[in-house]
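K.L.:
Counted from 1, the sequence shown has number 209 at position 210 by numbering that gives the first Met the number 0; the numbering is strictly sequential.
Beta carbons: idealized from backbone N, C-alpha and C, even for Gly.
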Amino acid sequence: MDAHLRTWEGEELIVRRDEPTGAMIVLAIHDTTLGPGAGGARMKSYPDFDAAVTDALRLSAGMTVKNAIAGMPLGGAKTVIAIPDGLGAEDRAGLLRRFGRLVRQLGGRYYTGPDVGTTSDDMVLVAEAGRPYVFALPETHGGAGNSGPATALGVFSAMQAAHAHVFGTPSLAGVRVLVQGAGNVGGPLIERLLAAGAEVLVSDVDPAAISRWHLGRDLPLVRPEEVPGTPCTIYAPCALGGVLNESTIPRLRCAIVAGGANNQLATPADMDRLQARGITYVPDVLANAGGVTWIAGVEVLGWSVEEAERRVRGLAEQVTDVLRTAEREGISTDAAVRRLARAKLSPAALAGAPG
Ligand code: PHE
Numbered sequence: 000m001d002a003h004l005r006t007w008e009g010e011e012l013i014v015r016r017d018e019p020t021g022a023m024i025v026l027a028i029h030d031t032t033l034g035p036g037a038g039g040a041r042m043k044s045y046p047d048f049d050a051a052v053t054d055a056l057r058l059s060a061g062m063t064v065k066n067a068i069a070g071m072p073l074g075g076a077k078t079v080i081a082i083p084d085g086l087g088a089e090d091r092a093g094l095l096r097r098f099g100r101l102v103r104q105l106g107g108r109y110y111t112g113p114d115v116g117t118t119s120d121d122m123v124l125v126a127e128a129g130r131p132y133v134f135a136l137p138e139t140h141g142g143a144g145n146s147g148p149a150t151a152l153g154v155f156s157a158m159q160a161a162h163a164h165v166f167g168t169p170s171l172a173g174v175r176v177l178v179q180g181a182g183n184v185g186g187p188l189i190e191r192l193l194a195a196g197a198e199v200l201v202s203d204v205d206p207a208a209i210s211r212w213h214l215g216r217d218l219p220l221v222r223p224e225e226v227p228g229t230p231c232t233i234y235a236p237c238a239l240g241g242v243l244n245e246s247t248i249p250r251l252r253c254a255i256v257a258g259g260a261n262n263q264l265a266t267p268a269d270m271d272r273l274q275a276r277g278i279t280y281v282p283d284v285l286a287n288a289g290g291v292t293w294i295a296g297v298e299v300l301g302w303s304v305e306e307a308e309r310r311v312r313g314l315a316e317q318v319t320d321v322l323r324t325a326e327r328e329g330i331s332t333d334a335a336v337r338r339l340a341r342a343k344l345s346p347a348a349l350a351g352a353p354g
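1) Count the C-beta pairs between the segment 321–333 and the segment 40–47 that are closer than 8 angstroms, then say yes if the count reaches three, no if not.
2) Would you list the one or two residues that DSSP bridges to GLY234?
3) Within 10 angstroms of its Cβ, does LEU152 collect 16 or more other Cβ (buried), or is it exposed?
4) Can you tell me which of TYR234, VAL242, GLY241 and SER246 puts its alpha carbon nearest to the alpha carbon of CYS253?
5) Is any heavy atom in ligand 1 found nearer than 6 angstroms to the beta carbon of GLY290?
6) Taking buried to mean at least 16 other C-beta atoms within 10 Å of its own C-beta, is PRO267 buried or exposed?
7) Can ALA60 be considered in contact with ligand 3, in the sense that its beta carbon sits closer than 6 angstroms to one or more heavy atoms?
8) Counting pairs of Cβ atoms below 8 angstroms between the segment 49–64 and the segment 122–141, do you hit three or more?
9) Please report the Cβ distance between ALA335 and ALA342, rounded to the nearest whole angstrom; I am assuming they are in contact, meaning their Cβ atoms lie under 8 angstroms.
10) Between the Cα of ALA76 and those of PRO19, ALA181, ALA260 and LEU12, spot the shortest distance and give me the residue it belongs to.
11) Less than 7 angstroms between the C-beta atoms of GLY231 and GLY180, yes or no?
12) Do the segment 326–334 and the segment 181–188 make contact, defined as three or more Cβ pairs closer than 8 angstroms?
13) How about ILE28 and GLU10: do their beta carbons lie closer than 7 angstroms?
14) Quick check: is any heavy atom of ligand 1 less than 6 angstroms from the C-beta of ALA37?
15) Skipping 5 residues on each side, what residues in its chain have a beta carbon closer than 6 angstroms to that of ASP54?
16) Just to confirm, does GLY112 get its C-beta within under 6 angstroms of one of the non-hydrogen atoms of ligand 1?
17) Under 6 angstroms Cβ to Cβ from GLY144, same chain only, skipping five residues before and after it: list those, please.
18) Assuming SER146 contacts ILE294 (C-beta within less than 8 angstroms), just tell me the rounded distance between them.
19) Could you give the residue range of the alpha helix (DSSP H) that holds ARG130?
20) Using a Cβ-based criterion (distance less than 6 angstroms to any ligand heavy atom), does PHE155 qualify as near ligand 1?
21) Less than 6 angstroms between the CB of ALA166 and some heavy atom of ligand 1, yes or no?
22) Cβ atoms of ASP30 and THR6: under 7 angstroms apart, would you say?
23) Would you kindly work out how many angstroms separate the C-alpha atoms of ALA67 and VAL297, rounded to a whole number?
24) Does the distance between the C-beta of PHE134 and the nearest non-hydrogen atom of ligand 1 fall short of 6 angstroms?
25) Just the C-alpha distance for LEU105 and LEU251, rounded to the nearest angstrom, thanks.
26) Specify the secondary structure class of ASP1 as computed by DSSP and reduced to three states.
27) Determine which residues share a DSSP beta bridge with ILE13 and list them.
28) Could you check the C-alpha separation between TYR280 and THR229 for me, to the nearest Å?
29) Counting C-beta neighbours from all protein chains within 10 Å, is the total for SER202 16 or more, i.e. buried, or is it exposed?
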């Protein structure tokens, strides 16, 4: 954590212990150059406090890049709520309500929303006190609703662009795609891939998640520990982060990595490892930017659903741009996407920005 805090270039780190549950709320506001810090609230248990803070710091920095490349008037932030194991539903609801009070106290410096472990419905509880600083409330509550399908559409569009870059055609018909995590993003992604004629392989630590999206079809299942060694054209990490690491990268048997999970690279060195293996990596903050494009497009910029969908599909152009820039300049795709974000955060770009 120490090392991460020392290299973190963020603005504000708030840590609050939730007395009634013992949960720790870690809220990191990374950069507010383009607007209030925005990023979802991730709720899960962590091995220790250190891991929770480290996750919040890294995720908040990722949101700065993501919101900038998505073209949103939003900065980067994230909340990690580290919960004790076996937290009951009532305690959880109370915790979400108290988190809403914290959001309210920040008075608009931070906008929250769902992330891993929280849902659009949970935001109703957060919004009791946290309104109007809560994104992605259910449509019945005037929000943009679940962003999972939009995130999946963005990942799908990113895959098409990456496939076109590497193999010359955006068509995914007959292309073998391994989706790791059949949840809120992975599930709708599987649907899209099947509709496009792809050959889909699925893996999930939770068998119930797979059966939910299985819908009677016979999708080949891959055991979690066999994910890295399974041959596929596109590998889509759609569960938790850190899956691209020292031990998995040498075993990967794919041409492209493009998925919905945040923080897919365990460390910056893992980008070099992917590059050395000749694997095309679509940076996670770009592949999964469909979620925030949808949420903020509809709720902040007032886009229609059709317009928001068009913009999410449009992420494909940025993917192409990043892959070409990386190739042309001999830099990593991660460096290329950061450069794109930096350009949007630069004084010159801001001077020319509308409003
Ligand atoms: N948690 C999602 C993400 O990482 C969606 C989200 C974005 C939620 C911005 C709130 C604010 O992109």
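P.N.:
Working from what's here:
1) Below 8 angstroms, too few C-beta pairs join the segment 321–333 and the segment 40–47 to call them touching: fewer than three.
2) For clarity, residue 234 is Tyr in the given sequence; the question names Gly instead. Under the DSSP definition of a beta bridge, TYR234 partners with LEU177 and VAL256.
3) Buried: at least 16 other Cβ atoms inside 10 Å.
4) Comparing Cα positions, the closest option is TYR234.
5) A distance criterion of 6 angstroms places the beta-carbon of GLY290 in contact range of ligand 1, judged by its closest non-hydrogen atom.
6) Around the beta carbon of PRO267, a 10 Å sphere encloses fewer than 16 other beta carbons of the protein chains shown; the residue is thus reported as exposed.
7) Although ligand 3 was asked about, the structure shown includes only ligand 1 as ligands.
8) Flag = no, the segment 49–64 and the segment 122–141 do not touch.
9) Here ALA335 is actually not in contact with ALA342; their C-beta atoms are around 11 angstroms apart, not less than 8 angstroms.
10) Comparing Cα-Cα distances from ALA76 to each of PRO19, ALA181, ALA260 and LEU12, the minimum goes to LEU12.
11) It is worth fixing the name first, because residue 231 is Cys in this sequence and not Gly. No.
12) The answer is no - the segment 181–188 does not touch the segment 326–334, with fewer than three Cβ pairs under 8 angstroms.
13) Result yes, Cβ atoms of ILE28 and GLU10 sit closer than 7 angstroms.
14) Checking every heavy atom of ligand 1 against the Cβ of ALA37, one is found closer than 6 angstroms.
15) Around ASP54: VAL79.
16) Yes, Cβ of GLY112 sits closer than 6 angstroms to a heavy atom of ligand 1.
17) Result list for GLY144: SER119, PRO137 and GLU138, in chain order.
18) Contact between SER146 and ILE294 holds, with the beta-carbon distance rounding to 5 angstroms and staying under 8 angstroms.
19) Where ARG130 is concerned, there is no enclosing alpha helix (DSSP H), because DSSP gives it neither an H nor an E.
20) Incorrect: PHE155 has no Cβ contact closer than 6 angstroms to ligand 1.
21) The displayed chain sequence assigns Phe, not Ala, to residue 166. Relative to ligand 1, the beta carbon of PHE166 is positioned no closer than 6 angstroms to any heavy atom.
22) No, these two residues do not count as a Cβ contact at 7 angstroms.
23) Computed Cα separation, rounded: 17 angstroms.
24) Within 6 angstroms of the C-beta of PHE134 there is at least one heavy atom belonging to ligand 1.
25) Their backbone Cα atoms lie some 43 angstroms apart in a straight line.
26) Helix at ASP1.
27) According to DSSP, ILE13 bridges with LEU26.
28) So the two alpha carbons sit approximately 17 angstroms from each other.
29) Residue environment for SER202: buried (at least 16 other C-beta atoms within 10 angstroms of its C-beta).
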